[in-house]
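Residue numbers (the numbering used here): 76 to 616.
Single-structure report; data block below.
Okay, here's the thing in structure tokens:
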């Protein structure tokens, strides 16, 4: 037989197969269909992926203008395994309030497509009804009802996300029969308060459950049937009593905006496999008792952001395997415990936006990120080996001075303040290359008298004592031989303190309430009296 002839036949056969496969590509079919309907393919189909046979397996549909028959055609492929289907809305050009534009009416089909229940190979489904906006700070959400029978989905389904939907009792019963479902996320959902989220506990295969911005008014919910649940995220907008006491495999728990009872806390802390615990924006700190943790050595991540904590929980240093601690946005006031440095595995520490923290920054050998507010009176130990380049010191993730002058500054700031019961309004201290305090800025009322110990801060170049009600400066103030800039704005000085004459290197003086320019002996002094808005231009580092 002629080999050339065989080769030509094979080549023709292969070429024909490739052409045939290209013609049968489901994504091309969808594109051609939309073109015939004068619909923009890229606007409505974000992603389309086929297998080696040209059959679509992954599809992301953004429905801006699709009609019911269009949706039915696009979702007619039984090979689809991974589907995201979103009903999208466009904003109008004219505002309907000072802060927001209204949504335009959708020109097409906006319901949950019944055809989704007919996809036999479906493993991952994400349905979004994207009708959410904020009017100033207030969210405005519109939800859509899912008809009965529509959630009788493929038994192969492993992950399901439903956003901005209204669920019925029948919907939840349908969900409870998805025997292979491993992950369920319900976001901005509404339902009959009697039933939501009942029946979810029947999903024995479920490993991850997210209930976000849901509602459970005056109802108690029992999740103890979820025997294999490993992760539970629960964000809710109303008081809710929950029972998690028998979730023995739960390792990650995230509770947000919940009103919890003392019994809830006992149940939570009795979970023996917890590795990550987040209690966010709860606001009742006296019930948080870390000592009651059943297995504290398991805990790796601990987040107590926005819980009105008055102090750092004493038991935190006992969490010997902890890697992540977040105490952001509480009302903690006090010293940072040095015992935290014993947490050898700690990588992340955030105590930003609290009332005030004093002491030394953490120096744990494995620390990677530290977040402190710039107004804290914290210091970096001289022998610290922390790599601050990873913490971005210029972005206020670490404080502004070294411990060389810590005790002096504490004496100046805190002794009288604690005695008077006053609060600091603002404090900043930065160091020079030698680690000595160079700039000292402090604002709080009722200071009145500056401590004599300020004389020990020999390297100070800039001082800003704003709004401290200072009546005079001690003679020791004259020993600050390197001082170049002094701001005494909004104090109780009746005249310019004579001790200022001893400051041989002083170049700038702002004393708003002392209007008289005084000729001081022994120095060449430039007296500048301006309002506070000019101060920042006068201090140079």
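Quick reminder that beta carbons are idealized off the backbone N, C-alpha and C, glycines included.
Per DSSP, residue 118 lies in no beta strand (DSSP E); the unbroken alpha helix (DSSP H) holding it starts and ends at 116-119.
Less than 9 Å divides the Cβ of residue 385 from the Cβ of residue 406. Straight-line measurement puts the Cα of residue 389 at about 53 Å from the Cα of residue 155. Here residue 178 carries a strand assignment [DSSP, helix/strand/coil].
The count of Cβ pairs closer than 8 Å, one atom from the stretch 128-135 and one from the stretch 157-168, reaches three, so the stretches are in contact.
Following the DSSP letters along the chain, one finds residue 111 inside the alpha helix (DSSP H) bounded by residues 101-111. Taking a cut-off of 8 Å for Cβ pairs, the stretch 121-131 and the stretch 163-177 do not touch, as fewer than three such pairs fall below it. Here residue 283 carries a strand assignment [DSSP, helix/strand/coil].
Shown here for residue 412: same chain residues with a beta carbon closer than 7 Å to its own, the five before and five after excluded, namely 387, 392 in chain order.
Per the DSSP secondary-structure output, residue 452 pairs in a beta bridge with 433. For residue 248, the enclosing alpha helix (DSSP H) stretches over residues 244-250. By the Cβ-count criterion, residue 514 is buried, with 16 or more other Cβ atoms from all chains shown falling within 10 Å of its own Cβ. Taking one beta carbon from each stretch, the stretch 177-186 and the stretch 239-258 have fewer than 3 pairs nearer than 8 Å; the two do not touch. Taking all protein chains shown into account, residue 369 has fewer than 16 neighbouring C-beta atoms within 10 Å of its C-beta and is therefore exposed. Approximately 16 Å separates the beta-carbon atoms of residue 399 and residue 417; this is outside 8 Å, ruling out the contact. With respect to the C-alpha of residue 221, the residue from 330, 197, 342, 185 having the closest C-alpha is 185. In this structure, residue 578 and residue 555 form a Cβ contact; the two beta carbons are roughly 6 Å apart against a cut-off of 8 Å. In the three-state reduction of the DSSP assignment, residue 393 falls in the helix class, which pools H, G and I. With a cutoff of 9 Å on beta-carbon distance, residue 275 and residue 250 are scored as near each other. Leaving aside the five residues that flank residue 401 on each side, the residues in its chain whose CB is nearer than 6 Å to its CB run, in chain order, 378, 380, 425. Under DSSP, residue 342 forms no beta bridge with any residue.
The criterion of a C-beta distance shorter than 9 Å is satisfied by residue 231 and residue 197.
Closest by C-alpha distance to residue 206, out of 195, 219, 549, 199, is 219.
Residue 208 is bridged by DSSP to 215. The straight-line gap separating the alpha-carbon atoms of residue 422 and residue 171 is approximately 47 Å.
Listed as beta-bridge partners of residue 585 by DSSP are 562.
Judged by beta-carbon spacing, residue 323 lies within the 9 Å limit of residue 348, meaning their Cβ atoms are closer than that value.
Counting only runs of 4+ residues, no alpha helix (DSSP H) is found wholly inside the stretch 358-386.
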